[in-house]
Each structure stands twice: as C-alpha cells, then as structure tokens.
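Have a look at the structure below before the remarks.
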Amino acid sequence: MRTLIIEDEKAAVRNLIALLEDAYPSIEIIDTLDSIIDTLEWFKVNEMPELIFMDIHLADGSVFEIFEHIEITSPIIFTTAYDEYALRAFKVNSIDYLLKPIGKNDIENALRKFQQLTFNTEQNNTTATTDHTELVRLLQQIKRTESYTTHFLIPAKGDKLLPVSINDIHLFYIIEGQVRMVLKDGTEHFITQTLDELTDNLNPALFFRVNRQFLLSRETIKDISLWFNSRLSINLIHPVNHEKILVSKTRVPDFKNWFSHKV
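So this is what it looks like as structure tokens:
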C-alpha cells in the first residue's frame, strides 16, 4: 500500500509511521512532506498514492489550500488536533478524521475503512451505498457537537478590541487578498480569517457564499436583478468595492432556497 504522509511535526511523523508499520507491516511510505509548497511540487512529478495521511495545519497554511490548485483522487485520512474542520474534510475525498494524539486503535480502524473501500472498488461496486450509513452517522455526530461563530473581537484604535455580534454583520468580502467585515452601519474592518474559514464556521442559515469573493447576509441585499445567462446580480444596501456581485447559474437555485428559508 503506497502511502504518502503530509505532516510538519517530526515527532508526529515518527509516531504515525510506527503505528502504520505495526498495524500494516507491508505498508510502503513513499514520502513525507511538511508544507503546502512541497506538496504541490510533489504532485507535479509523482503519481497519486494509494492512501494519504494529511495533517490540516502545516507551517505555511491550511492543507485545504492544496485542493484549490490540484485535484487529489486518492483516499485521505486527515489528522489534526482540532475538530472544527471535520465537515470541511468530508467535502473532499476523506475516509476518516483522526484527532491527535493518535493511537493504535485509531489507525487500525482507519485502515479497516480503507481496506473496505479498496475491496468494494475491486468488486466494481461504488462505495456510496456501503459507506453511506457510516458517513451519515459521522456527519450527524459532528453536527450535534458543532457550534457556529456568534461573536468576533475586532482590533480597534490603540490596544482595544471591539466586540461584534454576528447579528450586526452585513457581509464579508475579499479585497487585495484580505478579508473585510462590513457592519450594518456600513463601517468596515479587516479580519484574519479566510473566507473559506468563515463559510465553514458561520451558520449557513444566516450567510450565503454567493461567489469566491462575497459571503452575504439577507439584510445586506437591497434588491436583485436578472442578469444574462440566467445569472443574478445582487445590489447591496452598502455597496463595496464597486463590483457587481453575480450569482452563477448553477448557484441560483441554492441561493433562492437559502433566501426564502425560514431561520
């Protein structure tokens, strides 16, 4: 089993390799990588491994940035010290999500899932039916323990922090690589979170990601215009960045459902 490890903590790499070799003696660790840059370069010149163990936080950023540049078709077992990224992990082709510290039972259970996946594929069966019940159970369990962000602390003048409730926020948008928060009174503040992180951590009943640049609340929408090619153009109460906010044709049904949904 050709296995790639993406992890920036040397002690964690040693522990993972020891656990893998103990649980699956014939395993072949083809490489260990410790950064997003190295991972992107590696995939340019190497074939997809049979399995990937991937830490979520690397020294140069979040591994989810990797999926923005390349398509990874290998099954992935995520390893992390944080549980808040579980839902996002299951949006890519993950088969398990292990919380550190990782033990022998964690590895054995994860490899058992991988072997079941491989067996089903070899039998020309899709894994959707086989894994559906387990995946639903995991997502329901995560959902029960999930809590959405309700407040932010924003740096203000001097050494003060400004508390901001989610109910006072109209939208988030990206400008020049940075994310800004726009409040109901039209004031703006830079924040450190990425738009992807905000999308994952905010209640989806309250905010909708209309495109790569804008994450909106209902209250910020002044009106909506029909646009060519079945798209929508959103006009804001407090216009920002002098750009049209377009909802793509494929996102229009989801947007309409979200907008009319009772919170």
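Numbering of the sequence shown is given in my numbering, commencing with residue 30 and proceeding in unit increments. Glycine residues also receive a C-beta, built at the ideal position from the N, C-alpha and C atoms.
Scanning the stretch 63 to 90 for uninterrupted alpha helix (DSSP H) segments of 4 residues or longer gives 65 to 74, listed from N- to C-terminal end.
The beta carbons of Ser277 and Asn240 sit about 7 angstroms from each other, so the pair counts as a contact at 8 angstroms.
Comparing alpha carbon positions, the residue from Thr102, Phe93 and Asp197 closest to Thr109 is Phe93. For His180, DSSP records a beta bridge to Ser194. Here Leu87 really is in contact with Asp37; their C-beta atoms are around 5 angstroms apart, less than 8 angstroms. Here Thr249 carries a helix assignment [DSSP, helix/strand/coil].
Here the alpha carbons of Ile250 and Ile266 stand approximately 6 angstroms from one another. Asp125: member of the beta strand (DSSP E) spanning Ser123 to Leu128, first to last residue. Per DSSP, Ser262 is one residue of the beta strand (DSSP E) stretching across Arg260 to Leu265. In its chain, beyond the 5 residues on either side, no residue has a beta carbon closer than 7 angstroms to the beta carbon of Glu97. Using a Cβ-Cβ distance cut-off of 8 angstroms, the stretch 208 to 228 and the stretch 276 to 290 are not in contact, since fewer than three pairs of beta carbons, one from each stretch, lie closer than that value. Residue pairing by DSSP places Ile101 in no beta bridge whatsoever. In this structure, the beta-carbon distance from Leu191 to Ile204 does not fall below 8 angstroms.
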